[in-house]
Structure formats: C-alpha cells, structure tokens
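Remarks on the structure that follows.
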Amino acid sequence: MIRVTFDGLTKTFDGVSAVDGASLDVAPGERMVILGPSGAGKTALARLIVGLEEPDSGEIRFDGRSLSGLPVQGRKIGYVPREDALWPHRTVAENVGYRLKVQGIGRRERRMRVGEALGAARIDSLADRHPDSLTPLQRQKVALARALIGEPDLLVWDEPVASLDARHRIEFRDEIRRVHTEHETTTILLTSDPREALALADRVAVLDFGKIVQVGTPIEVYNRPADSFVAQLLGPTNLLQGQADSCDARGEVVVRTPIGRLIGKPSGDSPSPGTPVTVAIRPESLAIGPAVPPDSNRFLATIERQVLLGATRQLFLRGPNEWPITALALQAQSDGLRDGQSLTVSVAPEFVVLLPSKAAARPS
Amino acid sequence: MQVWQAIRGFSGLIVAAIIVVPMLSVPLGAIVDSGPDGSARATAFHVALTASDHTAREALGNSLILATGVAALAMLIGILLAGFLANRRFPGRDIVLPFAGASGAIPPLFAAMGLSSVSRFVPVEWDTTWRWLALVWVELAWAVPRVMATTILVFEQLSPAWQDAARLAGAGRRRAWWSVVWPLARPRVAQAVAEIFALTLFEPGGPLALGVRGTLGFRIVEAVLGIDQLGRAAALGTIGLALALSGRSLILWWGGPSWPLASSGRSHRPQRTSLVGMAISICGVLGWVIVSLVPTIALAGMAVGLDRSGHLTLDAFIGMTSDRQTLAFLGHGLLLGLAATLFGGFLALCLERSGRDPSWRRPSSWSTFVPPLALGLGAVLVPRLLDATAGRITSSNLGFAQALHRAANLLDPFVSPWFVLVTVLAMLRLPALRVAIATADAIDDRDRLDVARSLGASGWTAWLDVTGPRLAPILGGAFAWSIAQAALEVGPALLLSPTLSARSIAPGVLTIASEPGGSRKAAAMAVTALLLPIAAWIVGGSHFFERTHRTRRDS
C-alpha cells in the first residue's frame, strides 16, 4: 500500500487547460473517488497519474518518491481505462498474461498465475475466448484481472461502470469493493456519476475545470458542499440567493432569502452580516406537514405538481414570493397531497447550507 | 417483373459464372486446342513448349522477383508513410496527404511513358538495368499508395487505449507497436500486399511502355496479339495464375485472421511530435510525393513542353489531343468506363437486392483474386474453346454445335470486342460498387424522412433534402472512381480490343506511341486521360479512393 500525492499538476492540450493545478493526497489503501462532470479533466488527470502523459508542471509522488521522468512501464500501476482496451487479437488469458510475458516470466508460471487471476475474478471459463465474444461485464472483469496481475501499488479506474447497464453496475460496484478489500491496493476511481462516487468512496474529490474544488468523505461532500457547483453535481438541490443577517455563537447564521429568513450553517467560514450567500437545501431535507420540529425553519408553500418516482414523490412547490422549491417525500407519507394544496414546509438549520455567493438564477 | 426477380435471385450464380468460366478457360486453353479437323483435343504441347522455352521461364522468374520485391518494398514504404501521415502531426499534413496517394490513381503504363521520356535528359545509356529500375519505380509509385491508404485506415481504427494498455503492462513503445498495432494491422496490410503481388506479377502496362520484354505481362500480351500463340499465352497464364494464387494465399496466411477494430476512428488523433520527428515526417512524405510523381510530371512535361529547345508547346498539346483518332480513343475509354460501371452497378444492385443470404454475394469479390490481365486472357480463350468443343460434337449434335459456334462468335473480341471487355471490366469494378451500394442501402433515413414530411415536405422533396445529400458522395464518388478506373484499365483492354476502331485509352496510347514520332501525342493523350481520375477525385473526394481500396480489402 502506498501513499499517492500529486501536487499542482497542470496539463494543457492545444492551449486548452485540461488539468489546472490539481493537488490531492491519497492515503495508503484508501479508495479515493475523483468526481467531475464530462470535460472536467478526469481522463487527463488519470493519464497523468499513470504516466501516459507528462505534466506541464507539478509532481506526482508515491510514498514521497517523485515519479518525474519515470516512464509508464516503470511505474507499478494498474489502469482500467474507460473503454476496457482489451486487445481483440489476444485471448482473455493472453490479455491478462501480457504483463508477465513482458516481464519475461516463463510460460508455465505465466499460465499458473493467469489461471489464479482469472479464478479470483471468477472468469476462468473465459480464458480461451476473444474479447469480442464477451459481455461488457465480462470484459470489465478481464480488464480488471489484467490490471491486477502485476500486483500494482496503485489501481486507477476511469469510469469503471460507464459501459454497464444498471443491473451490472451494482454487481460491478460490489466487485470493486471486493477487489479493494482483498488486495488492499490504494485505489483512485474517476467518475461522473455521483451515486457511484458516494457508493464507492472512502473520500471524494470533486474536480471542476481541472481543479480539485473539494475533498471529503461522501457524507461531508454531499451534506456540506463547498460551493453551488459541488452541491448541484452531487444531486438535486434548491439554491436561493440570500444575504447574511446575523451570526450566533453556535455558528448558525440568519439569512434573508426570497422565501423569508432562514437559519443555516455555512460550509466554510461564517459570512459577516450583509454578505451575499447562496443557500443550498436538498429536496429530501424538506419536511412536509404541520408537525414542525422545534428550531426548524418553516415557510408556507403551495403544491404546483407532483411526480411519482416509485418509493418517493417529487413535489414542485411555490414558496413565498412565488419562489419555486422542490421537495422529496416518501410515497406513503405523501399520498393524501393534492395539487394546489397549501402546506407547511420545514427544514432543520443543519440542512440549510450557506455557500459562497454565486448568483443563483431563479429556477423556472 | 419475373425476369427482374429471376436476375436478382440468381445474380450470385451469374457473377460466379462470368468469373469462373474465363478463369477455367486459362488452364483449359493450355491443355486443349483444335486438331487439324477443328475439333478439340487434349495436348501437352503448349505447356511443354512453354516450360522448355527459356524466355518464358525467364519472364516468369523475373515477374516473380519483381512482384515479390515490389510487394515487400510497397509494404515497408506504405507502412512508414502511413505512420507519418496517420500518427504524426506536422504543418501541411492535410495538404500533402492527397498528393502522397495521387500516384496510386495513375496506371503504371502512363507513369512508365513519363519515366522513359526522362531518359532523353539523362546522360546514361538507357539499358536493361535502367529499364528494370524504372519499372520498379513506376510499380512502387502505383503500389505504395494502396498499402498506405489501407494502413492509414487501420491506424485510424486502432484505439489509442490498446497501445496505452501495453505500455502500462511494461512494454516499451517499440514492443507495444509490435505486439498490439502490427498484429492488428497485418491482416489488412497483407490483403493489400497480396493484391499488389498478383497485379504486379501480371502487370503489362509498365513493361510494354519501357520495353521490358522479360516479364509475364509483356509475354502474355505478345502471345495473345501474335499469330497462333494462344496456347502459349494460356500456358503462361496458367503458371502465372498458379503463382499469383499461391503467393496470395501465402501472404494472406502470413497476415493471419482479421480482428475487429474500434468501431470508429473518432478517438484517433495524430500526435504532436518532436522537432526532429516532425522534420523526418515532412522530409519522408515530401520525398515520397516528389519521387512518386516524377514520372507523371515527366509525362506532362513531354506532353506540353520542356523539350530540348525549352519551348512550351501548349498549342501543340491542344492540337494533338483534339485529333480525331485521339478523341476516338478517349471517347471509347469514357464510354467503356461508363458501360462497365453501369453493368457492374446493375449486377451489384441485383446482388444486394437478391434477398438471399450473404454467402450468395460472395462471388462478387472473386474478381479481386485474379489479376485483370488473367481475366482478360480467359475471356480471349473462351470463344476458342467453345469453337473447339463445337468442332468435337458436330457429328453427334449439330444443333448444340451451332449454338456453341454462335456463342463463340458472340464472345469473339474480333466480332464483338466491347461486349466481352465491358463484362470483364464490370467484374473488376463489382466489389467496390457492391460495397458502395450496400453502404447506401444501410442508410436508414426513415425517421428523418418522416420528420421532413411532418414539416410539410413532399415525399420526393424530403428524399432530395434528407437522403440525397447523404447518398450523393457515396454513390457519386464510387461510380466516378469506377468509371475512371475502368476507362484506364490496361490489361483486359489490350487483349480484348484487337481492332483499331474499338481501342480505348490504354491500347490507344500504345498504338499512338508505336507510330513514328507518336510519343508526344501519346503522352498528350495520356495526360488528357488523367483528367478522369482527377474528375473522380473532385466528385468523390479523396476518401473514395480510400473507400474503394478498403472495401476491396474488406469484401
């Protein structure tokens, strides 16, 4: 298990900055997920980490040792790219055993170790097949076995489940957890899917325009996003533009918003009175109904329409000043609600997150 | 309607028969001839005579060495150039790319004429060695773009992630290339090389223009056009075909099975390279462009000026090309290309619409196995064999014998030269045309047409606005290239248009060149004929050249 540190990594392609001063420290054996939307620079960052690209500036260190100038074949890294990159002209066993062949390991030992690797991934029956005859899930497992056979110090996955359907995604997430537990390898996953990030990460690093904008545990990043970009990237959120009014000793801040005064907690430093802030409230944090817990924020809203999502129901509300608010309620608890009905909406101050202000456009 | 359905249904068999019958006629023509009474008889005379003739053995040996050498060199140079053009980014790459492939559209006959004209300015004796070197030059100029185009297409379909994965597994750049890129490219490159081998083995144009008599193509043409030497031509053709098919099989075996490549070349981007790498790429590609186009530039120079007195002779050029005989040859070539393309297109359409399983369409690619000259030779031999067979059965079945005589007459190039020639050329163009039609057929515009109609367009307007622009470059380009290539085809045209009045471009150029002082006029005609591939280029764009070659490989 190694500690991976990258510091001020920068990479520009044709004048376009793909990675812009990204810095991150991944603890030994940690499962770090780098989350970012398409075009955020995830693949460029992955290629820098594994050594397929040289950074314009910045440094990558394994256990404090700089990798600068070390060619890709000299780094002990397992990489599973977005497209599995299985060689079509080689069988599954040949794909998996290629690293051993390059290392000059004899045929007998190679066969034995490939057999073990395929057995561990439960794909030993596929050994003699070619990749074009495999399902996407099988291909991913082969790509994983190929990445693991060299017993890498670091495992890097770029969008590991992007090519899989919903059912296989869940199955493969379990596989990722199993591999990480068994091999205890420091792992970096790059994804644009927040659910995948939250489900797999020990810690999540959010990447935007080549910069790491927040690092934290999944629950921290989800509940206490650093800014409105992170808040929206992690899931649906209500954003309101407001102004800090006052701050108390517990760190709670009163904010004036279009739906009235709200008490919330800042994601970082407490804003001084009069400072513009953006208020983020997750739809599932909003409680519907007359029973309002003490110290909760509350306001009146009218149901505009409802969308059934299965176990939950999405409620599109009009709050004070006709401000649109989205709430999420369990289906069983929202059965009696009708469009046009007025109700009381409440939210606890810890779920009202105050972010540095970016103009929150009024949602339509 | 029933006739149309029958033709469609049996189009695979029809195509197979049109290709197989002449092919079988070549070996049959070597062992069967007409006895003194005109009836067929088996004989080993022609084979024995050819085998004992040292000029024939020399021609076979020379052509084998030439074909092997050209195929090997074309592969090496083609792959190197493809590497420069597909993988490296350098200034002017997009401009130089079409020029690097341009010599592939110029028949070796024309290039050889141009190169032989240079001999006037070179202070060395234009002896056999120089002629052979010139032949290798023009064959390479024609062959390298084929390998280059195929390899560029392969490189563009290789996922960059495959090489990355090899490097991550510990392989250096060179090893990653050998273990990932080359095994995937080799089968497709081998197909191009196999075709080059077979075509060079039988190539008649270059040797005829350069006067290199000791080649298979030269000897076959000489035998067919000579008096009573068809048996010898058939024996040479049989041995040549055996060599061509064996060589082809050997090269394809070496190439190995084809593996599916990435579905598109979207992820492929030429990479930035160091200054030295860029300089090497630019010098390599520019060097090739100059070397490959020197013969054509020399041809144009001979046609329009740059004579010893240094006078431009553009007026003379116009005068030479507007000559009645030249215009007739050019017109014949154009009509021939048009007719062959229409016939080939019709057969391709029948095959695509036959409604049978894809194995029925397989015969359409058989013509890629046989060199055009061999197919032409087979077509020359068919009427002779029919006549001999008719002579044999006259006594037993007069009606059938007369039918055979009539068929022989119909297929005799002296009686109806164009009928057979168009058929042979149509077979040669069939694979590319069929793939173009299949590609066009695969365009499913139903949803787009429905949308256009829902927006108020009539069915016809919707088709013109939606499907038409997508079909035009595919079919237009493929048909334009087909017309140009059929019009400039050398081998079959030499053998199957024996009468002066029926000659098309290639035999016409040779006819004019053989006249006293006719070399300039022949060059002028050849340069004018090159307007056909240029026009095809304009109509179809450069990718049709590539598409044509790719589809021939893939089919």
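Residue numbers (the working numbering), protein chains in the order written: chain P, 1 to 364; chain V, 365 to 919.
Beta carbons: idealized from backbone N, C-alpha and C, even for Gly.
Note that the coordinates shown come from a computational prediction; the quantities given were computed from them, not determined experimentally.
Decide if LYS11(P) is buried, meaning its Cβ has at least 16 other Cβ atoms within 10 Å, or exposed.
Here LYS11(P) is buried, its C-beta having at least 16 other C-beta atoms within 10 Å.
For a test of the three-state rule: what should DSSP assign to GLY629(V), helix, strand or coil?
Residue confidence for GLY629(V) is low, a pLDDT of 45 falling below 50, so the modelled location carries little weight; the figure read from the coordinates is stated next. It is coil, neither helix nor strand.
In chain P, which residues lie with their C-beta within 9 Å of the C-beta of ASP528(V)?
ARG47, VAL50, LEU52, VAL72, TYR79, PRO81, ALA85
ALA535(V) (DSSP reduced to helix, strand or coil)
coil
For LEU315(P), does the count of other Cβ atoms within 10 angstroms reach 16, so buried, or fall short, so exposed?
buried
Would ARG122(P) be called buried (16 or more neighbouring beta carbons within 10 Å of its own) or exposed?
exposed
Which of the residues in the segment 88-104 of chain P, read from start to end, lie with their CB under 7 Å from any CB of chain V?
PRO88, HIS89, TYR98, ARG99, VAL102, GLN103
Kindly indicate which three-state DSSP category LEU164(P) falls into: helix, strand or coil?
coil
Run the CB neighbour count on MET112(P), radius 10 Å, all protein chains shown included, and call it buried at 16 or more, exposed below.
exposed
Quick one: using the 10 Å Cβ neighbour count with 16 as the cut-off for buried, is VAL142(P) buried or exposed?
buried
Element boundaries [alpha helix (DSSP H), containing VAL815(V)]
810-818
Output the boundary residues of the beta strand (DSSP E) element that contains MET32(P).
31-35
Under 7 Å (Cβ pairs) to chain V, residues found in the segment 120-134 of chain P:
ASP132
Starting from ARG748(V) and walking both ways along the alpha helix (DSSP H), at which residues does that stretch end?
736-757
At least one CB of chain P closer than 8 Å to the CB of VAL984(V): is that the case?
Nothing in the structure corresponds to residue 984(V), since chain V is present only between 365 and 919.
Does the pairing of the segment 199-207 of chain P with the segment 243-251 of chain P give three or more beta-carbon distances under 8 Å?
Short answer: they don't touch.
Using a 10 Å radius around the Cβ and a threshold of 16 neighbouring Cβ atoms, would you call MET525(V) buried or exposed?
It is Ala, not Met, that sits at residue 525(V) in the sequence shown. Buried.
Return helix, strand or coil for TRP157(P), following the three-state DSSP convention.
strand
Per-residue DSSP class, three states only, for LEU189(P)
strand
With respect to the beta strand (DSSP E) encompassing ILE325(P), which residues constitute its N-terminal and C-terminal limits?
324-330
Drop a sphere of 10 angstroms on the beta-carbon of THR515(V), count the other beta-carbons inside from all chains shown, and report buried for 16 or more, exposed for fewer.
Per the 10 Å Cβ criterion, buried.
Distance between beta carbons of VAL26(P) and ILE188(P), contact taken as under 8 Å
Rounded, the Cβ-Cβ distance is 6 Å, consistent with contact.
By the criterion of Cβ-Cβ separation under 9 Å, what are the contact partners of ARG531(V) in chain P?
GLY51, LEU52, PRO71, VAL72, GLN73
Is there a Cβ of chain P sitting closer than 8 Å to that of SER883(V), yes or no?
With respect to chain P, the C-beta atom of SER883(V) has no partner C-beta closer than 8 Å.
Check the Cβ of VAL624(V) against every Cβ in chain P and list those closer than 8 Å, keeping chain order.
Looking at the sequence itself, residue 624(V) is Pro, so the reference to Val does not match. Residues of chain P whose Cβ lies closer than 8 Å to the Cβ of PRO624(V) are, in chain order, PRO88, ASP132.
The segment 890-899 of chain V touching the segment 466-477 of chain V, judged by at least three CB pairs closer than 8 Å:
At 8 Å Cβ cutoff, the stretches touch.
Taking 8 Å as the cut-off, decide whether the C-beta atoms of GLY604(V) and LEU580(V) are in contact.
Judged by their CB atoms, GLY604(V) and LEU580(V) are nearer to each other than the 8 Å cut-off.
Hey, how far is the Cα of GLY384(V) from the Cα of VAL102(P)?
Reading off the sequence shown, one finds Val at residue 384(V), where the question assumed Gly. Those two C-alpha atoms are separated by around 49 Å.
Between the C-alpha atoms of PHE229(P) and THR278(P), what's the straight-line distance to the nearest angstrom?
11 Å
Of the residues LEU789(V), ALA771(V), GLY456(V), LEU517(V), which one's Cα is nearest the Cα of ALA703(V)?
When each option's Cα is compared against that of ALA703(V), the closest is LEU789(V).
Output the distance between the C-alpha atoms of HIS168(P) and LEU137(P), rounded to the nearest integer angstrom.
7 Å
Straight-line Cα distance separating ARG457(V) from SER883(V)
36 Å
Contacts that ARG539(V) makes with chain P (C-beta to C-beta distance below 8 Å)
Under the 8 Å cutoff, chain P gives VAL102.
At a CB distance below 7 Å, what residues from the segment 546-561 of chain V approach chain P? Give them in sequence order.
PRO547, LEU548
Nearest by alpha-carbon distance to SER861(V): which of LEU737(V), ALA412(V), ALA466(V) is it?
LEU737(V)
Do you know offhand how far PHE351(P)'s Cα is from SER38(P)'s?
28 Å
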